[in-house]
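Asks:
Number of protein chains: 2
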Amino acid sequence: MTQRLYEATRIRGLSVRDIRFPTSLRLDGSDAIHHDPDYSCAYVVLFTNAGLKGHGLTFTVGRGNELVVAAVKSLAHLVVGKELKDLLGHSMATIWRSLTSESQLRWVGPEKGVIHLAVAAIINALWDLWARQEQKPLWKLLVDMEPEDLVETIDFRYITDVLTKVEAVQMLKDMRKGKEEREAFMLSNGYPAYTTAAGWLGYSEEKVKTLCQQYMSQGYRHFKIKVGHNLEDDKKRCAAVRSVLGDEMTLMLDANQNWDVDEAIEWMKELACYRPHWIEEPTSPDDVLGHARIAKELSPLGIGVATGEMCQNRVMFKQFLQAKALTYCNIDAARVGGVSEVLSIYLMCKKFNVPVCPHAGGVGLCEMVHHLQVWDYISVTGTTEGRLVEFANILAEHFKTPAIIRNSHYMPHRTPGYSVEMHDKSLQAYEFPYGPAWKELYKQGGKYKDPATAKCPLLERPNQDTTR
Amino acid sequence: MTQRLYEATRIRGLSVRDIRFPTSLRLDGSDAIHHDPDYSCAYVVLFTNAGLKGHGLTFTVGRGNELVVAAVKSLAHLVVGKELKDLLGHSMATIWRSLTSESQLRWVGPEKGVIHLAVAAIINALWDLWARQEQKPLWKLLVDMEPEDLVETIDFRYITDVLTKVEAVQMLKDMRKGKEEREAFMLSNGYPAYTTAAGWLGYSEEKVKTLCQQYMSQGYRHFKIKVGHNLEDDKKRCAAVRSVLGDEMTLMLDANQNWDVDEAIEWMKELACYRPHWIEEPTSPDDVLGHARIAKELSPLGIGVATGEMCQNRVMFKQFLQAKALTYCNIDAARVGGVSEVLSIYLMCKKFNVPVCPHAGGVGLCEMVHHLQVWDYISVTGTTEGRLVEFANILAEHFKTPAIIRNSHYMPHRTPGYSVEMHDKSLQAYEFPYGPAWKELYKQGGKYKDPATAKCPLLERPNQDTTR
C-alpha cells in the first residue's frame, strides 16, 4: 500500500442515486414470491480530493430502493471527510464496525435489512476505490494480499466460536502453494457458470424450452428454473426442461421462500424424479433449523439445499453451516455488508467444506461475484469442484466493464476495481423517479405512474385535523 | 364486530411523524452497545372517514428513526383507502401478509429491520383503531375474542412446523375455564413488574445504589442492571447492587449483545457469584445456536438466558424455542410486526413452556406490553410464575394514558385502545428535527446540532463532477 498517498487523500464527498430498471415489463426475474421485480440499485460514488472515485452498489427489486438510498445518506457522515488510511487496509474492519454498530443506527438493524444493504453499497465502494488505487481488479488485490493483511479487513465479532483470526490466517497460508498456477488457470479458463436466464416463473413453457436450447448451444451445462407457485405447473415445467436437457445436464430448482418446512419436503419429493441438483430457498431465509430439517430429508434423494441470497449476515451463515442446513452457499455480494463480510463467509464455508455458489443476476451482481469466486479458487479452496457462479445477463449493457462470459465461464476482469461502474447515460436515464426513461414510461400510460400523481393521502399535521 | 359500520368506514389517510427525545443528555437508557440513546418513535395515526383514529408506534433510539418513518410512507398505500372490513377481524392476517410480503418491498427485509419496524407501527395503529372501535382496551379485545377469531389475526406462514392454527385454537380453548376469575384477579392485583431504571450503564455506582433503594421502597423486588463493558466494573456494580438488595431480591443482568459466545460464557462465570437470575442479550440477537450453547453452559450455575428485544420476527423466535436457546422470552411490542405477530410468539412460548417477560421502557413500550401480558395471563398461560414485565418510566408524561404502576405491578388499562396516544403538545415539541424542543437544543449549542448546518457533502449529480 502506498501509505503516503493514503494519508494525503481523503473522501471529500459521497453521492447516492436511486437507479431502477423497468424489468417487470418482460417478467425477467419473476419468481414465486417476487412476481414483478424492477431490478434496481442504490448506486454510491465516493469522491476523493485526489480525483479518484470508488463505485459501489447494492441490489434491490424496485420499491424499497428509496429506503436503502436514504440509509446510505444516514451513514455517509461516517466515511466522508476521512483519510484513506483510516478507511482502507488495516482500518477496514474498524470502519466496517463503525458503520454496522453506529450506536443509534444499529437499533434499526442491527446488521440486517435496509441499513445493512446500505452498508454493503458503501463498503463495496471503498473496496472499489482501494482496488483502483492499487490499479488491480478486486480479485487480484485480494489474491496478492498477505494473509495477515487480508484478515484485518474482516470483523470477526460474533463468529469467533467457529473461526478466529488466527485460524483464518493459517487457512490462507496453507493455500499459498500453487497460487501462481491457479491464477494462470483462471486467467485462461475462467470460472464455470450456470444460467437462470432461461427459467423465470413468468415465462411460458415454450419460451423456457427455447431458451434452454439456446443456452445449451452457448456451452451451458447447468440450468436453474423457478418453482413453488403450483405443483402441477412445476411438474410440467421440470418435465419440459428435462426433455430438452437430457440426462447429462444439471437442473437446479429455486422456490424463493414460498414454502413452509413440511410443505417444502413434500413438494420436493414430488419433484425428485426430475433429479434436481439443489432446491434453493425452500423456506424463510431466516429458518436455519428449518433448512437443516429439509436438507436432512432430501439428502437421501440426492437433492442438496441451497440458500443465501437473502441471508442477512455472517452470524446467520455461521449457523447455517453449524447446523448442516445448507449444501451449497449462495452468498450475495451486496446483501451482507459488502466485500469485508463476504470474505468471512467464504472462510467459514471453507472450514465447513461447503461449496460457495454465489447468487448473481440482478444489477451488478454478476460483475461483483466473479471477483470473489476467483479469489476463492486461487487463495482459499483451490478447486471449482461442486462450485458454479449464477449468470443472468439482463442489464449488462449499463456497465462499463460487464461480466465477460466465454464458453459458459466467467473470465476474470483485468480492469482495476470491483467492476460495478455504470455508464453515465444509464445512470441519468434510469434515475428514479424522474430520469428520462421513467418519464417516458409515465407518458406511455402503462403500469408505471408518476409517483407525484399516485401519492396516497398523508396528513402531515394530524394535530391540526379537526374531524375527531 | 359491528360489521355494517366496518363496511362503511375506511382509512382516509395516514400520518407518520419522527418524534425524538434527547434522553442521551442524562444517559438514561445507556448500555454497553447503545451508549447515547435518544429515545424516539415513528408515530403513526390512521384516520377514518368516520372520525375515529388509530395510533401506533415503533421505538428506536434516535438516528435511523427517519428511515422507519420513510418506510411507513412506502407502505402506506397498502392500507390507505381500504375499508375496515378488509383490515380488521378475519382480514388482519391478510393485510399483515400484504405489508410484510409486498412483492418488491420485501426484498429490503424480508420481515426484519427498518421495513418490519414500520410494519409494526402500522399494524399497532390498526389494532388500536380496532380496540377503540370496540370500545375496549386492547387486552380486553383479545380476551373476549373467540379462539377461532383470534387465530385469524395471525399469519402462520413459516411456523406451521411447530404451531398450526388448529393447535392454537385448541390451546386457547383449553384455557377458557377460569377466565373470569383471572380477569378479576388482574383488575384488582395487576401484573408484576421489574425495574431497569436503576441500572443504566452511564449511571455512577452511587446513583445505582440510591435508585435501587428508592425502587425497593416502592415495592420492587426484581432489578436489572447493565453489564458487559468492563468485567472489573461489572463486578463492582454487581457487588454494590447486591449489598443494597440483600439475598432475597432478584437481580437480572443485561449485556446488550456485547460478547462473542465464548466470551459470554466466561464473563458470566465470573459474575455467577452475584446470583443473577438471567443474562439478557449475551451475544448477537441473530445467534440462535450461540444462545443455545450459552444457555447450556450457564444452566448448571442457575443462570437463565433471556433475549428478544432485537429478535426480528416469529421465525427467529421459533428457532430460539426449538433450540432451547432462551429461558425467558423478551418479546418487544414493536420490533416484530406488531400485535398480530406478537400473538404468535406468545402461543409458541406457551407450547414450549417458556415464560414471556416482555421488553419495555423506551417510548410507549410499557404502555403496550402490559396489554399483551394481561392477555397471556387470562387467556393463554393462566400464571404469572417466572414472569415479569420490564418497567422503566422515562417518558410517561408524554402519553395520554401512561402505564399505571401500583405496588410494582402494572394495572390493566380500562381506556379503549392500545394506550400509545401521545399528547399533541409532546408531538409538536419533539418532532425531529425542527420541533420547538429541538430548536431550543440547537440554540443552546450543546451536543445537538441543527442537521442543516451539519450536513455532510453529498454530490447529488456525480456525472457533472469534473475532477476525475
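Residue numbers (this note's numbering), protein chains in the order written: chain A, 1 to 468; chain B, 1001 to 1468. Yeah, the Cβ is synthetic: ideal placement off N, Cα and C, and Gly gets one too.
1) DSSP on residue 426 (chain A), reduced to helix/strand/coil?
2) Starting from the C-beta of residue 169 (chain A), find all residues in its chain whose C-beta is less than 7 Å away, skip the five residues before and the five after it, and write them out in chain order.
3) What did DSSP end up calling residue 1278 (chain B) once you bin it into helix, strand or coil?
4) Whether or not the stretch 1215-1222 of chain B and the stretch 1008-1027 of chain B are in contact is what I'm after, with contact meaning three or more pairs of Cβ atoms, one per stretch, closer than 8 Å; do they touch?
5) According to DSSP, is residue 464 (chain A) part of a helix, a strand, or is it coil?
6) Comparing the C-beta of residue 456 (chain A) with each C-beta of chain B, is any distance below 8 Å?
7) Would residue 140 (chain A) be called buried (16 or more neighbouring beta carbons within 10 Å of its own) or exposed?
8) Hey, is the stretch 1012-1023 of chain B in contact with the stretch 1037-1048 of chain B, meaning 3+ C-beta pairs nearer than 8 Å?
9) Taking only the alpha-carbon atoms, compute the straight-line gap between residue 1359 (chain B) and residue 1421 (chain B) and give it to the nearest angstrom.
10) Any beta-carbon of chain B closer than 8 Å to the one on residue 344 (chain A)?
11) Roughly how many angstroms separate the alpha carbons of residue 1306 (chain B) and residue 1276 (chain B), rounded to a whole number?
12) My guess is that residue 1402 (chain B) and residue 1367 (chain B) are in contact by the Cβ rule of under 8 Å, so how many angstroms apart are they, rounded?
13) Out of B:1049, B:1210, B:1365 and B:1093, which has the shortest C-alpha to C-alpha gap to residue 1240 (chain B)?
14) Can you have a look at residue 436 (chain A) and say buried or exposed, based on whether 16 or more other CB atoms are within 10 angstroms of its CB?
15) Hey, quick one: how far does the alpha helix (DSSP H) through residue 1263 (chain B) stretch, first residue to last?
16) Report, in whole angstroms, the separation of the C-beta atoms of residue 65 (chain A) and residue 18 (chain A), which I expect to be a contact under 8 Å.
17) If you measure between the beta carbons of residue 357 (chain A) and residue 321 (chain A), is that distance less than 8 Å?
18) Which same chain residues end up closer than 8 Å to residue 406 (chain A) when comparing Cβ atoms and leaving out the 5 residues on each side of it in sequence?
19) What separation, rounded to the nearest whole angstrom, lies between the Cα atoms of residue 1167 (chain B) and residue 1331 (chain B)?
20) Rounded to whole angstroms, what's the CA-CA distance from residue 97 (chain A) to residue 155 (chain A)? Just pull it up for me.
21) Among A:49, A:101 and A:46, which one has its Cα closest to the Cα of residue 1033 (chain B)?
22) Exposed or buried, what is residue 451 (chain A) when buried is set at 16 or more other beta-carbons lying within 10 Å of its beta-carbon?
23) How far does the beta strand (DSSP E) with residue 1370 (chain B) in it extend, from its first residue to its last?
24) By DSSP's criteria, residue 1060 (chain B) is part of a beta bridge. Which residues make up the other side?
25) From A:408, A:278 and A:182, pick the residue whose C-alpha is nearest to that of residue 197 (chain A); which is it?
26) Note down, in chain order, every chain A residue with its Cβ under 8 Å from the Cβ of residue 1200 (chain B).
27) When you measure from the CB of residue 1176 (chain B) to every non-hydrogen atom of the ligand ADP, does any distance come out below 7 Å?
28) Under 9 Å between beta-carbons, which chain B residues line up against residue 403 (chain A)? List them in chain order, please.
29) Anything in chain B within Cβ reach of residue 140 (chain A), meaning under 7 Å, just list it in chain order.
30) What residues in its chain sit with their C-beta under 8 Å from that of residue 295 (chain A), if we drop five residues either side in the sequence?
31) Using a 10 Å radius around the Cβ and a threshold of 16 neighbouring Cβ atoms, would you call residue 1373 (chain B) buried or exposed?
32) Please report the straight-line C-alpha distance between residue 1352 (chain B) and residue 1228 (chain B), rounded to a whole angstrom.
33) Give a yes or no on whether the C-beta atoms belonging to residue 1194 (chain B) and residue 1252 (chain B) are separated by under 8 Å.
34) Note down, one range per segment and in chain order, each alpha helix (DSSP H) of at least 4 residues found wholly within the stretch 1162-1205 of chain B.
35) Please check if any C-beta of chain A sits within less than 8 Å of the C-beta of residue 1453 (chain B).
36) Provide the residue span of the beta strand (DSSP E) that contains residue 223 (chain A), from first to last.
Replies: Looking at the atomic coordinates:
1) Helix, per DSSP.
2) Around residue 169 (chain A): 147, 148 and 151.
3) Residue state for residue 1278 (chain B) is assigned as strand, using DSSP reduced to three classes.
4) Cβ pair count under 8 Å is below three, so no.
5) Residue confidence is low: residue 464 (chain A) scores 46 on pLDDT, short of 50, so the model does not pin down where it sits. Its coordinate-derived value is still stated next. Looking at residue 464 (chain A) - three-state DSSP - the assignment turns out to be helix.
6) Under the Cβ distance rule, residue 456 (chain A) counts among the residues neighbouring chain B, one pair being separated by less than 8 Å.
7) Within a 10 Å sphere around the beta-carbon of residue 140 (chain A) sit 16 or more other beta-carbons, which makes this residue buried.
8) Cβ pair count under 8 Å is three or more, so yes.
9) Each residue's alpha carbon lies about 19 Å from the other.
10) With respect to chain B, the C-beta atom of residue 344 (chain A) has no partner C-beta closer than 8 Å.
11) Straight-line Cα distance between these residues: approximately 12 Å.
12) A Cβ-Cβ distance of about 6 Å is found for the pair residue 1402 (chain B) and residue 1367 (chain B), placing them in contact under the 8 Å criterion.
13) Closest by C-alpha distance to residue 1240 (chain B), out of B:1049, B:1210, B:1365 and B:1093, is B:1210.
14) Per the 10 Å Cβ criterion, exposed.
15) Counted as a single uninterrupted DSSP element, the alpha helix (DSSP H) harbouring residue 1263 (chain B) occupies residues 1261-1271.
16) Contact flag correct, Cβ pair sits at about 5 Å.
17) Going by C-beta atoms, residue 357 (chain A) is not nearer than 8 Å to residue 321 (chain A).
18) Within its own chain, the residues whose Cβ lies closer than 8 Å to the Cβ of residue 406 (chain A), once the five positions on either side in sequence are excluded, are 190, listed in chain order.
19) If I take the Cα positions, the gap works out to 21 Å.
20) Distance between the alpha carbons of residue 97 (chain A) and residue 155 (chain A): 7 Å.
21) Nearest option by C-alpha distance: A:101.
22) Within a 10 Å sphere around the beta-carbon of residue 451 (chain A) sit fewer than 16 other beta-carbons, which makes this residue exposed.
23) From DSSP, residue 1370 (chain B) is part of no beta strand (DSSP E) but of the alpha helix (DSSP H) over 1365-1375.
24) DSSP, once it has assigned bridges, lists B:1040 as partnering residue 1060 (chain B).
25) Of A:408, A:278 and A:182, the residue nearest in Cα terms is A:408.
26) Within chain A, no residue has its beta carbon less than 8 Å from that of residue 1200 (chain B); the closest one is some 14 Å off.
27) Summarising the ligand content, the structure contains no ligands, and the ligand ADP is consequently not present.
28) Under the 9 Å cutoff, chain B gives no residues; its nearest Cβ is about 22 Å from residue 403 (chain A).
29) Within 7 Å Cβ-Cβ: nothing; residue 140 (chain A) doesn't reach chain B, min ~22 Å.
30) If the five residues before and after residue 295 (chain A) are omitted, its C-beta is found closer than 8 Å to the C-beta atoms of 304, 305, 324, 325, 326 and 327, all from its own chain and listed in chain order.
31) Residue 1373 (chain B) should be labelled buried.
32) Going by the C-alpha atoms only, they are around 29 Å apart.
33) It is a contact, given that the beta carbons lie within the stated cut-off.
34) Secondary structure in the stretch 1162-1205 of chain B: the alpha helix (DSSP H) runs of 4 residues or longer, each lying completely within the stretch, are 1165-1174 and 1179-1189 in chain order.
35) Not a single CB atom of chain A sits nearer than 8 Å to the CB of residue 1453 (chain B).
36) First-last of the beta strand (DSSP E) with residue 223 (chain A): 222-226.
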